[in-house]
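A.B. asks:
2 protein chains.
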Amino acid sequence: MSDNERLRDLAENLALILAQGGMQKATARVMTSLLFSRQETMTAADLCEELQISSGAVSGAVKQLAQSGLLERVPAPGSRRDHYRFPDGAWARLMSQQNQLLSTMSEVAEQGLAAADGPSTPAGRRLAEMGDFYAFMLRELPPLIARWRTDFTAKREVRVWRG
Amino acid sequence: MSDNERLRDLAENLALILAQGGMQKATARVMTSLLFSRQETMTAADLCEELQISSGAVSGAVKQLAQSGLLERVPAPGSRRDHYRFPDGAWARLMSQQNQLLSTMSEVAEQGLAAADGPSTPAGRRLAEMGDFYAFMLRELPPLIARWRTDFTAKREVRVWRG
DNA sequence: CAGAGTATTCAAAGTTCTCTGAAACTTACA
DNA sequence: TGTAAGTTTCAGAGAACTTTGAATACTCTG
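Which chain is which? The protein sequence lines are A and B, in order.
Position 110 of the first sequence, counted from 1, bears residue number 110 in full-length UniProt numbering, the numbering being contiguous throughout.
Position 97 of the second sequence, counted from 1, bears residue number 97 in full-length UniProt numbering, the numbering being contiguous throughout.
1. In whole angstroms, give me the CA-to-CA distance for B:SER2 and B:ALA76.
2. Of all the beta strand (DSSP E) runs that stay within the bounds of the segment 72-146 of chain A, which reach a length of 3 or more residues?
3. Can you give me, in chain order, the residues of the segment 13-25 of chain A that have a beta carbon less than 8 Å from any beta carbon in chain B?
4. Throw me the rounded Cβ distance for the B:VAL30 and B:LEU47 pair, which I believe falls under 8 Å.
5. I want to know whether the segment 82-90 of chain A touches the segment 116-124 of chain A - three or more CB-CB distances under 8 Å.
6. Can you give me the C-alpha to C-alpha distance between B:ALA26 and A:LEU35, rounded to a whole angstrom?
7. Of all the options B:GLN64, B:ALA66 and B:LEU144, which has the alpha carbon lying nearest to the alpha carbon of B:MET95?
8. Under 6 Å Cβ to Cβ from A:LYS70, same chain only, skipping five residues before and after it: list those, please.
9. I believe A:SER103 touches A:GLY131 by the beta-carbon criterion, under 8 Å. Please report the beta-carbon distance rounded to the nearest angstrom.
10. Considering Cα atoms alone, identify which of B:ASN13, B:SER33 and B:PHE152 is closest to B:GLN52.
11. Among the candidates B:MET42, B:GLU72 and B:ALA109, whose CA atom is the shortest distance from the CA of A:ARG8?
12. Strictly by DSSP, which residues pair up with B:THR43?
13. One question on the structure: do A:ASN99 and A:LEU127 come within less than 8 Å of each other, judged by their Cβ atoms?
14. Output, in chain order, the set of chain A residues within a Cβ distance shorter than 8 Å of B:ARG119.
15. With a CB to CB cut of under 7 Å and the five nearest residues on each side skipped, what residues in its chain are close to A:ALA146?
16. Given a limit of 9 Å on CB to CB distance, which residues of the segment 125-143 of chain A reach chain B?
17. Buried or exposed, going by whether 16 or more other CB atoms sit within 10 Å of the CB of B:THR150?
18. Going along the chain, which residues of its own chain have a beta-carbon closer than 6 Å to the beta-carbon of B:ALA61, five neighbours each way excluded?
19. Can you tell me whether B:GLY21 is buried or exposed? The criterion is at least 16 other CB atoms within 10 Å of its CB, across all chains shown.
20. Check whether chain B comes within 8 Å of A:THR153, counting only Cβ atoms and requiring the distance to be less than that.
21. So B:ARG37 contacts chain A; which residues on that side make the cut at Cβ distance below 9 Å?
22. For A:VAL58, is the classification buried or exposed, using 16 other Cβ atoms within 10 angstroms of its Cβ as the cut-off for buried?
23. Among B:ARG81, B:ARG85, B:GLU72 and B:MET23, whose alpha-carbon lies nearest the alpha-carbon of B:GLN39?
24. Please return the same chain residues whose Cβ sits closer than 8 Å to the Cβ of A:GLN64, not counting the five positions on each side in sequence.
25. Closer than 7 Å by beta-carbon distance: list the chain B residues that pair up with A:VAL30, in chain order.
26. Excluding the 5 residues preceding and the 5 following A:ALA44 in the sequence, name in chain order all residues of the same chain whose CB lies nearer than 8 Å to its CB.
27. Identify each residue in the segment 95-116 of chain A for which the Cβ-Cβ distance to at least one residue of chain B is less than 7 Å, and report them in chain order.
28. Please list, in chain order, the chain A residues whose beta carbon lies closer than 9 Å to that of B:ASP88.
29. Judging by CA-CA distance, which residue of B:GLU72, B:MET137, B:THR41 and B:LEU101 is the nearest neighbour of residue 220 of chain A?
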């Protein structure tokens, strides 16, 4: 199997995993195509051809991905077509967006605790644990992600110096 | 609105959020019922009545939840019915299970990097970043969760002494 | 070991979601 | 401003997933 075939295989495989995790199939395939593509950017037509899906499906996938920051439009002078790419830092951004959910979980738990007459009732015990856990994660995760960003940026610069 | 109604409302609301995030509706509702219930445990019949769903749906939901550690069967002497409860430490366990996914992401990125002729190609750059990010998270998340467990266990013990 | 009370399985029905293909819309250039 | 290239929208077909309800299997208890 050539390296190109291997890349395509890995892309389709990862798309499958993401689809099982709730992402739309076409959306997942567009995302992994961009991620594993040898090209810097891909056009909608490229994606249609590579994935054998309609332009409508590509349009929908692009919309969703752009909203969650997993795809960016690249200005392409001299081309009428939109060019898309998988943005640098997307993974970190994706995980940061999870904070939204953590925050919701934490709030719901607090409200529940208030309605449950404190942490000594069964419901109160469960909700207190839930609230504590999500508050903890909400406190700890953002600095962790920030630390990765710093580390990785430093590493990348070393690579660039070395050329 | 009474506190009981508020609890039920919060439960249904959270179930809706989880369902939007890909969890099956019946499964999410069973989970949040157990989480917000004033009782220590609930039976299948309790769940059927509270949620107005069939026993088949409850059975399916119980199966799924038990597999992911979000529900546990409680031995109930003197009752023929199974009793279910939301287990202590479930949230931490749930997050730990995400490590499986982190691990997969990290591996796929490595394999992709190998097929992409190193980090100086466009695909290589993207996959190197992805691999680095997930390897980092895989290294940092488990100790973080362990730390929460320790902290929370200590806190709970303080509550018990005082209680 | 018989029988009542529960839990689980499974086919069928219902529901929701996704993709396609065509039409409408937008944009860039002559 | 007209035209051609490209993108987005949307209704409808089809696929995939959920739930139900009845039949089956299980498990205590007398």
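Built from N, CA and C at the ideal position, the CB exists for glycine as well.
A quick note: this is a predicted structure, and the numbers were derived from the prediction, not measured.
C.D. replies: According to the data block:
1. 30 Å
2. 72-74 and 83-85
3. ASN13, LEU14, ILE17, GLY21 and GLY22
4. 6 Å
5. no
6. 35 Å
7. B:LEU144
8. As written in the sequence, residue 70 of chain A is Leu, which differs from the Lys given in the question. Around A:LEU70: MET31 and ALA90.
9. Rounded, the Cβ-Cβ distance is 12 Å, inconsistent with contact.
10. B:SER33
11. B:ALA109
12. B:HIS83
13. no
14. Strictly speaking, residue 119 of chain B in this sequence is Pro, with Arg absent from that position. Those are ARG159, listed as they occur along chain A.
15. none
16. ARG125, ARG126, LEU127, ALA128, GLU129, MET130, ASP132, PHE133, TYR134, PHE136, MET137, GLU140 and LEU141
17. exposed
18. ALA26, THR27 and VAL30
19. exposed
20. no
21. In the sequence as presented, Arg is not what sits at residue 37 of chain B; that position holds Ser. Those are PRO122, ALA123 and ARG126, listed as they occur along chain A.
22. buried
23. B:ARG85
24. GLN24 and THR27
25. Going along chain B, no residue has its Cβ under 7 Å from A:VAL30, so there is no contact; the nearest lies around 14 Å.
26. SER55, VAL58, SER59, VAL62, ARG81, ASP82 and TYR84
27. THR104, VAL108, GLN111, GLY112, ALA115 and ALA116
28. ARG125, ARG126 and GLU129
29. Beyond the ends of chain A as shown, which are 1 and 163, falls residue 220 of chain A; an answer cannot be given.
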